[in-house]
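A.B. asks: My questions will all concern the structure given below.
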Amino acid sequence: MTNNDDSRTLVLDIDTNDLQELSEYLDVLSSSTRLKILKVIERRPKDVRQISSEIETSYENTKKHLDKLLSIGVVRKEAGLSRPTAKGIHPVWKYSLVPGGLEAITRSLGLFANLKLTLTDAVLAEKLAGVRETLSGEFAGQPPAFILLGGAEDGRIFPLGHDSVAVGRADPSVPGRAEREIVLSEEYAAVTRVSRPHARLTRRDGAWFIEDCGSTGGTFVNSAPLDRGARRELHDGDLIELAKGAPGATLVFVVPGGVPPSDAA
């Protein structure tokens with residue numbers, strides 16, 4: 055039996071300064087040229103001339119875009135060496151994505167969009183949706199993911215790369231970690247160990263489902279409890295609690311570029 059409760063978790067009282075910073079953040083990411091730059095430097099550092107050549111714009115324009123990306127902390131620059139030329143080799147600034155840069159962008163946009171922050175500014179809400187859609191188009195192929203909220207591993211991202219994924223706390227007696235598992239630390243003491251999974255995620259016909267595997271603390275989707283063995287389809291922005299309270303774990307389901315159900319046409 056599937057639980058069809060459509061309750062959503064609302065996060066209220068957003069600080070005006072936070073909304074202003076979000077607007078500035080979106081302004082930086084709303085440029086398709088800047089997203090192309092991120093794609094160009096995704097795998098290896100490049101200097102301004104290399105980047106400008108690949109995105110087919112001027113050196114000066116490329117530099118301005120890179121400065122904007124530096125300002126929100128998703129790009130870094132380090133000294134490197136140019137390609138050999140007739141004049142030899144010389145030092146240049148090389149730009150690269152910060153480690154986890156794309157994941158950090160996805161997390162930031164996902165939390166603001168998916169946790170139902172009350173964006174009273176319709177223009178800002180529309181801009182947020184547009185940036186997420188554009189980002190998804192430029193970096194197609196990013197899998198859905200879970201973002202862990204709170205506790206020792208706050209902000210950790212778990213991409214879903216397999217059709218069946220077990221979720222639970224680490225087992226000290228079981229060495230290593232399987233690729234098909236989401237393993238949490240001992241900090242989340244109320245979560246059942248992964249050798250006897252707390253919950254399981256499965257993909258069927260392109261949709262993701264979650265079921266409780268008989269856990270002690272229970273599994274909750276948008277505060278609605280799941281019966282043991284009952285599967286519930288997940289949507290972009292759903293909030294999953296593995297047991298209630300501080301010893302449990304809270305995760306948000308993020309589909310890059312996705313639209314929360316309440317906003318869908």
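Heads up: the sequence shown begins at 55 in this note's numbering, then just goes up one per residue. C-beta: ideal position from N, C-alpha, C; glycine also.
1) Distance, Cα to Cα, I133 vs K148?
2) Which value, in whole angstroms, describes the spacing of the CA atoms of R88 and V177?
3) Using DSSP with H/G/I as helix, E/B as strand and the rest coil, what is A261?
4) Using CA atoms only, rank isn't needed, just tell me which of L189, A179, K141 and I95 is closest to V309.
5) Write down the C-beta distance between I211 and E157 rounded to the nearest angstrom, noting that I regard them as a contact closer than 8 Å.
6) Do P251 and G222 come within 8 Å of each other at the CB atom, strictly closer than that value?
7) Say whether the segment 127-144 touches the segment 87-106, bearing in mind that this needs 3 or more beta-carbon pairs closer than 8 Å, one atom from each stretch.
8) From A206 to V245, what does the alpha carbon distance come to, in whole angstroms?
9) What residue range is occupied by the uninterrupted alpha helix (DSSP H) comprising L92?
10) For the beta strand (DSSP E) containing Y149, name the first residue and the last one.
11) Determine the DSSP secondary structure at L171, reduced to helix, strand or coil.
12) Excluding sequence positions up to five away, which residues of its chain have a Cβ less than 6 Å from the Cβ of A303?
13) Beta-carbon within less than 8 Å of W262's beta-carbon, same chain only, minus the 5 sequence neighbours each way: which residues are those?
14) How would you call S269, buried or exposed, if buried means at least 16 neighbouring beta carbons within 10 angstroms?
15) So, at 7 Å on beta carbons, what are the nonlocal neighbours of G204 in its own chain, with the 5 sequence-adjacent residues on each side left out?
16) Quick check: what's the CA-CA separation for L332 versus G209?
17) I'd like to check one pair, A224 with R234: are the Cβ atoms closer than 8 Å?
18) Residue range of the alpha helix (DSSP H) that S218 falls in?
C.D. replies: From the atom records:
1) The displayed chain sequence assigns Ala, not Ile, to residue 133. So the two alpha carbons sit approximately 6 Å from each other.
2) Straight-line Cα distance between these residues: approximately 21 Å.
3) Here A261 sits in strand by DSSP.
4) With distances taken between Cα atoms, V309 lies closest to L189.
5) Contact between I211 and E157 holds: CB atoms are separated by about 5 Å, below the 8 Å threshold.
6) Remark: C-beta atoms of G222 and P251 approach each other more closely than 8 Å.
7) Yes, the segment 127-144 touches the segment 87-106.
8) If I take the Cα positions, the gap works out to 14 Å.
9) Judged by DSSP secondary structure, L92 falls within the alpha helix (DSSP H) whose first and last residues are S86 to V94.
10) Here the beta strand (DSSP E) through Y149 covers P145 to L151.
11) Residue confidence for L171 is low, a pLDDT of 47 falling below 50, so the modelled location carries little weight; the figure read from the coordinates is stated next. Correct three-state label for L171: coil.
12) Only L238, Y242, V245 and L296 meet the Cβ criterion.
13) P198, L214, L255, T256, E287, L288 and F307.
14) The residue is buried, with at least 16 neighbouring Cβ atoms inside 10 Å.
15) Sequence-distant Cβ neighbours of G204 in its own chain, meaning closer than 7 Å and more than five residues away, are T304.
16) For residue 332 there is no data in the structure shown, the boundaries of the chain being 55 and 319.
17) Contact: no.
18) Element bounds for S218: not the alpha helix (DSSP H) but the beta strand (DSSP E), S218 to R223.
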